[in-house]
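Notes to accompany the following structure.
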Amino acid sequence: MPVTSVFDQLESLLPHVQKPVQYVGGELNSVIKDWDSVAAHWVLMYPDAYEVGLPNQGVAILYEVLNERADTLCERTYSVWTDLEKLMRRDGVPQFTVDAHRPVKSFDVFGLSFATELGYTNMLTAIDLAGIALHAVDRGLDEPFVVAGGHAAFNPEPIADFIDIAILGDGEEAVIALTEILVQWKSDGRPGGREEFLIRLARTGGFYIPRFYDVEYLEDGRIRRVTPNHPDAPWRVSKHTVMDLDNWPYPKAPLVPMAETVHERASVEIFRGCTRGCRFCQAGMITRPVRERSIETVGKMVQASVDATGFEEVGLLSLSSADHSEIQGIAKDLADIYEGTHTSLSLPSTRVDAFNVDLANELTRNGRRSGLTFAPEGGSERIRAVINKMVTEEDLIRTVTAAYSAGWRQVKLYFMCGLPTETDEDVLQIAKLAKEVIRAGREVTGSRDIRCTVSIGGFVPKPHTPFQWASQLDHETTDHRLHLLRDEIRQDRQYGKAIGFRYHDGKPGIVEGLLSRGDRRVGAVIEEVWRQGARFDGWQEHFSFDSWMAAGEKGLAGTGVDVDWFTVRERAHDEVLPWDHLDSGLDKEWLWEDWQDALSEQSVEDCRWTPCFDCGVCDQMNTSIQIGPTKGTILPMPILKKSLAVNSGS
Amino acid sequence: MARKAPDREVIPVVQRVRLQYAKRGPLKFSSHRDFQRAFERAVRRVGVPMAYSAGFNPHPKISYANAAPTGTASEAEYVEIGLASEVDTAKLLAALQQAMPRGLDMMDAVTARTSDFAERLEASVWRIALPSVSTETIEAAVAAFMERSDVQVSRMTKNGLRTFDTRQAVLEITVEGSETTESGLVCAILRLVVRHLTPAVRPDDVLSGLGQVADLVFEVAPRITRIAQGPLTESGNAVSDPLGPDRHTVDHE
Numbered sequence: 001m002p003v004t005s006v007f008d009q010l011e012s013l014l015p016h017v018q019k020p021v022q023y024v025g026g027e028l029n030s031v032i033k034d035w036d037s038v039a040a041h042w043v044l045m046y047p048d049a050y051e052v053g054l055p056n057q058g059v060a061i062l063y064e065v066l067n068e069r070a071d072t073l074c075e076r077t078y079s080v081w082t083d084l085e086k087l088m089r090r091d092g093v094p095q096f097t098v099d100a101h102r103p104v105k106s107f108d109v110f111g112l113s114f115a116t117e118l119g120y121t122n123m124l125t126a127i128d129l130a131g132i133a134l135h136a137v138d139r140g141l142d143e144p145f146v147v148a149g150g151h152a153a154f155n156p157e158p159i160a161d162f163i164d165i166a167i168l169g170d171g172e173e174a175v176i177a178l179t180e181i182l183v184q185w186k187s188d189g190r191p192g193g194r195e196e197f198l199i200r201l202a203r204t205g206g207f208y209i210p211r212f213y214d215v216e217y218l219e220d221g222r223i224r225r226v227t228p229n230h231p232d233a234p235w236r237v238s239k240h241t242v243m244d245l246d247n248w249p250y251p252k253a254p255l256v257p258m259a260e261t262v263h264e265r266a267s268v269e270i271f272r273g274c275t276r277g278c279r280f281c282q283a284g285m286i287t288r289p290v291r292e293r294s295i296e297t298v299g300k301m302v303q304a305s306v307d308a309t310g311f312e313e314v315g316l317l318s319l320s321s322a323d324h325s326e327i328q329g330i331a332k333d334l335a336d337i338y339e340g341t342h343t344s345l346s347l348p349s350t351r352v353d354a355f356n357v358d359l360a361n362e363l364t365r366n367g368r369r370s371g372l373t374f375a376p377e378g379g380s381e382r383i384r385a386v387i388n389k390m391v392t393e394e395d396l397i398r399t400v401t402a403a404y405s406a407g408w409r410q411v412k413l414y415f416m417c418g419l420p421t422e423t424d425e426d427v428l429q430i431a432k433l434a435k436e437v438i439r440a441g442r443e444v445t446g447s448r449d450i451r452c453t454v455s456i457g458g459f460v461p462k463p464h465t466p467f468q469w470a471s472q473l474d475h476e477t478t479d480h481r482l483h484l485l486r487d488e489i490r491q492d493r494q495y496g497k498a499i500g501f502r503y504h505d506g507k508p509g510i511v512e513g514l515l516s517r518g519d520r521r522v523g524a525v526i527e528e529v530w531r532q533g534a535r536f537d538g539w540q541e542h543f544s545f546d547s548w549m550a551a552g553e554k555g556l557a558g559t560g561v562d563v564d565w566f567t568v569r570e571r572a573h574d575e576v577l578p579w580d581h582l583d584s585g586l587d588k589e590w591l592w593e594d595w596q597d598a599l600s601e602q603s604v605e606d607c608r609w610t611p612c613f614d615c616g617v618c619d620q621m622n623t624s625i626q627i628g629p630t631k632g633t634i635l636p637m638p639i640l641k642k643s644l645a646v647n648s649g650s
Numbered sequence: 651m652a653r654k655a656p657d658r659e660v661i662p663v664v665q666r667v668r669l670q671y672a673k674r675g676p677l678k679f680s681s682h683r684d685f686q687r688a689f690e691r692a693v694r695r696v697g698v699p700m701a702y703s704a705g706f707n708p709h710p711k712i713s714y715a716n717a718a719p720t721g722t723a724s725e726a727e728y729v730e731i732g733l734a735s736e737v738d739t740a741k742l743l744a745a746l747q748q749a750m751p752r753g754l755d756m757m758d759a760v761t762a763r764t765s766d767f768a769e770r771l772e773a774s775v776w777r778i779a780l781p782s783v784s785t786e787t788i789e790a791a792v793a794a795f796m797e798r799s800d801v802q803v804s805r806m807t808k809n810g811l812r813t814f815d816t817r818q819a820v821l822e823i824t825v826e827g828s829e830t831t832e833s834g835l836v837c838a839i840l841r842l843v844v845r846h847l848t849p850a851v852r853p854d855d856v857l858s859g860l861g862q863v864a865d866l867v868f869e870v871a872p873r874i875t876r877i878a879q880g881p882l883t884e885s886g887n888a889v890s891d892p893l894g895p896d897r898h899t900v901d902h903e
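Just so you know, the protein sequences line up as chains A and B, in that order. Number 527 in this note's numbering belongs to position 527 of the first sequence; there are no gaps in the numbering. Number 879 in this note's numbering belongs to position 229 of the second sequence; there are no gaps in the numbering.
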């Protein structure tokens, strides 16, 4: 059956919707291949609006990795806003890709990358708009296999009914492995139907196929056990870890969107993984070990990105970029290469103890100097010991005053509210810290023209972290503490006006908590709230707490458990957790000990610089830390641009 | 931040180049701002020796003329750039053609040798495909519209609802038969010559006027393309090439 573009139908709808450019594709460096020239057809989705989804690095990397294969094509789709959804339903226009506007249902594999669980309802909209059966077991031979990846896939149980496959960890090698198995199965004539393909994947031990596992419950609602129901399904499914990132320098030619997006810059990931050991941080726990890209590769990737895109800013991404063993050299060499151009480098939020002014000056030598962002996360020394974010108040004040005296006028500080063992007093300490920042800043600059913004949100306990057993703080108490803090800052006559305060209320965090630590019973809640119209739950103007709670009651009716059971309940040591059969490499006993250390305010060092403390990952996954310094330097790449000058040869 | 604007050497503009480009296919839904971002990035990638404005936040010297509305295709959009060193326009055109996204297609590049380019854009020729409207119906509407001396329509602008005359700006409307789109929509085809006035009368405003005089509702969105814009010819129902004067003052090509 020929696969044709739906653009002609879409064209009549786009004049009636907001920002139609987000649906037309046409990005520089996007790829359109002939449908019949390849054996495997992938569509990737970041389940949010285009402006948020396009800059996503995971999708960008896999898009290139897949399109580089001669036997594969890969296109992208994003969530359509409700105005277009309504028109598409009215006129029968299916979910489409932005590359060639092909119907999503025609593809072999539909891969979704979940950075957050709040994208689950958007996944259901896309599956449904595509005309694919909502439940995986109802899908026919010609429907796509729905694959979940991204950090949320480390506990895909709440969406187990809707997906065929989950992939844990790094995607680069995993999507290739899946493609090869797919191409073989197709060329064999698709023997054994969908099930046979899924069995072939399960046998590798690196693909989680929810339907091959049965979950049994105890009378009190806890899980009794999770067991494979197919002989070829492994007891535990492992995460994927790409070693030697220098061999995987993606994206090589990043997509440059026509529409405006949330990040107008190219991004280069300078390392993956983090062993700082912050106990709240799921990303740091599940991406171990630390694997650096060498200074040479980073230099080549930055230059290739600027050349391929024309962006004026390059973000040097990782979980804690100032921790790269050669960050200083990277910043200096690149600033030298871009001297005299309007090209700036940026780091995401920086650790207080890894920041220095020389580094910040190099990063902004050729471009804009915006604010600096630090993330102390906890307001009191005590709570920072609980979460293992070991920065002292002295460190913070020293760093921030150095930045103020070097000319920065604006500093942003990130915190969390609702951390385990937290009291009102711990949160109020944030106000004290912010006032001290302003006081010290005024002293060193002799100016009142400095500002500090406190940004704070509710903490959500996540799977595969030491806090996976913790009780989540209820939203009423979260909001109460945030209001106490707000008043404490605003009422201060001396410093209040110099401190900005931004906070997110506690309700969305409860829904995120339900979805993060939920099990398969939560699937009914997601389906119910979606049927009641939930869309774009990550957007404040679309999120409805009341709808979620009503769906929670309906979806969990008869199970004996409720939303509170999944969120504010503390788990015991011996409880079977919904994700225990999914192996992130972390030893559950180590996590439990770390949880106990948290409760007794004991900190843990970073294994990059101290002996191993047996978190389990390197042994279990057969991986190891890869860090520099390599003592290399970044050389300017030969300029390939042809001269445009009059009289020069062409 | 209390930093002084750097004392940059301001390099004078040594050459101005006028470029014609088309907005085609899906990218007709890009806005003028979207085009600007794409164009500025392309210029950086290609290494065009742009002249920059002075000041704290220098901008490349680029000026845009009379851009077609978002959602409207065009074969005749224009942009002018100021350069700090001289370039070969043919090489510049070829480089930009490669660097721009498919659908924002650079068509021509000519060194500016005249002023008042914007004033030369006196009128546009538009082609409109009207889905699900018969040629007879639209012919009657056109006749009724042309008989009137004044057809007021209202459009929501960023300054609120505005009401203005559309008839005066319309020099000619012809019905050029019908065609069928890929998905089987049968469309009546109009050719429209519209003078550029202030406030601007857009082709969709003329459609509102046609709808109003004939009591028609266009249920499926029309597909509009600017075919050309430039100085009106003597006959008053066509335009000539606005880059013509720059081309014809050539003395050494």
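Ideal placement from N, C-alpha and C gives every residue a C-beta, glycine not left out.
Residue i burial status per 10 Å Cβ neighbour count (16 or more: buried)
{"i": "Q282(A)", "result": "buried"}
{"i": "F7(A)", "result": "buried"}
{"i": "L669(B)", "result": "buried"}
{"i": "A130(A)", "result": "buried"}
{"i": "S37(A)", "result": "exposed"}
{"i": "W609(A)", "result": "exposed"}
{"i": "G827(B)", "result": "exposed"}
{"i": "K673(B)", "result": "buried"}
{"i": "Q22(A)", "result": "buried"}
{"i": "P751(B)", "result": "buried"}
Cutoff 8 Å; reference residue i; Cβ partners in own chain excluding five residues on either side
{"i": "G628(A)", "result": "E292, S294, I295, H324, S325, E326"}
Chain-ordered chain B contacts of residue i [CB-CB under 8 Å]
{"i": "H324(A)", "result": "Those do not exist, as H324(A) stays about 27 Å from chain B at its closest Cβ, beyond 8 Å."}
{"i": "Q9(A)", "result": "S833"}
Short Cβ contact (8 Å threshold) for residue i with residue j
{"i": "Q491(A)", "j": "R451(A)", "result": "no"}
{"i": "T241(A)", "j": "D170(A)", "result": "yes"}
{"i": "G371(A)", "j": "D333(A)", "result": "no"}
{"i": "I877(B)", "j": "W776(B)", "result": "yes"}
{"i": "G310(A)", "j": "V256(A)", "result": "yes"}
{"i": "F114(A)", "j": "G150(A)", "result": "yes"}
{"i": "V851(B)", "j": "T816(B)", "result": "yes"}
{"i": "A440(A)", "j": "T401(A)", "result": "yes"}
{"i": "P578(A)", "j": "I127(A)", "result": "no"}
Other residues of its chain near residue i: CB distance less than 7 Å, five sequence neighbours each side excluded
{"i": "V637(B)", "result": "Outside the shown range of chain B (651 to 903) lies residue 637(B), about which nothing can therefore be said."}
{"i": "E528(A)", "result": "A551, K554, G555"}
{"i": "L14(A)", "result": "P20, Y23"}
Contacts of residue i in chain B (Cβ-Cβ under 7 Å)
{"i": "G25(A)", "result": "P676"}
{"i": "V256(A)", "result": "R691"}
{"i": "L678(A)", "result": "The first residue shown for chain A is 1 and the last is 650, placing residue 678(A) beyond what the model contains."}
{"i": "A259(A)", "result": "D684"}
Contact set for residue i: own chain, Cβ-Cβ below 6 Å, skip 5 residues either direction
{"i": "F107(A)", "result": "H41, V43, P144"}
{"i": "G458(A)", "result": "C417, G418, T478, G506, G509"}
{"i": "Y656(A)", "result": "In the structure as shown, chain A begins at 1 and stops at 650. Residue 656(A) is therefore absent and cannot be evaluated."}
Partners in chain A for residue i, counting only beta-carbon separations shorter than 7 Å
{"i": "V737(B)", "result": "L644, A645, V646"}
{"i": "F679(B)", "result": "L14, P20, V21, V24"}
Contacts of residue i in chain A (Cβ-Cβ under 9 Å)
{"i": "P781(B)", "result": "S12"}
{"i": "L840(B)", "result": "Under the 9 Å cutoff, chain A gives no residues; its nearest Cβ is about 17 Å from L840(B)."}
Listed by chain order, chain A residues near residue i by CB distance under 8 Å
{"i": "R770(B)", "result": "Those do not exist, as R770(B) stays about 26 Å from chain A at its closest Cβ, beyond 8 Å."}
* To do: Could you run through the region 821-837 of chain B and flag, in chain order, every residue whose CB is less than 7 Å away from some CB of chain A?
  => T831, E832, S833
* **Where the region 858-882 of chain B meets chain A: residues whose CB sits under 8 Å from a CB there** => V870, A871, R873
* To do: Can you give me, in chain order, the residues of the region 166-191 of chain A that have a beta carbon less than 8 Å from any beta carbon in chain B?
  => none
* To do: Give, in chain order, every residue of the region 412-429 of chain A whose Cβ lies closer than 7 Å to some Cβ of chain B.
  => none
* To do: Please name the residues in the region 304-316 of chain A whose beta-carbon is closer than 9 Å to at least one beta-carbon of chain B, in chain order.
  => V306, D307, A308, T309, G310, F311, E312
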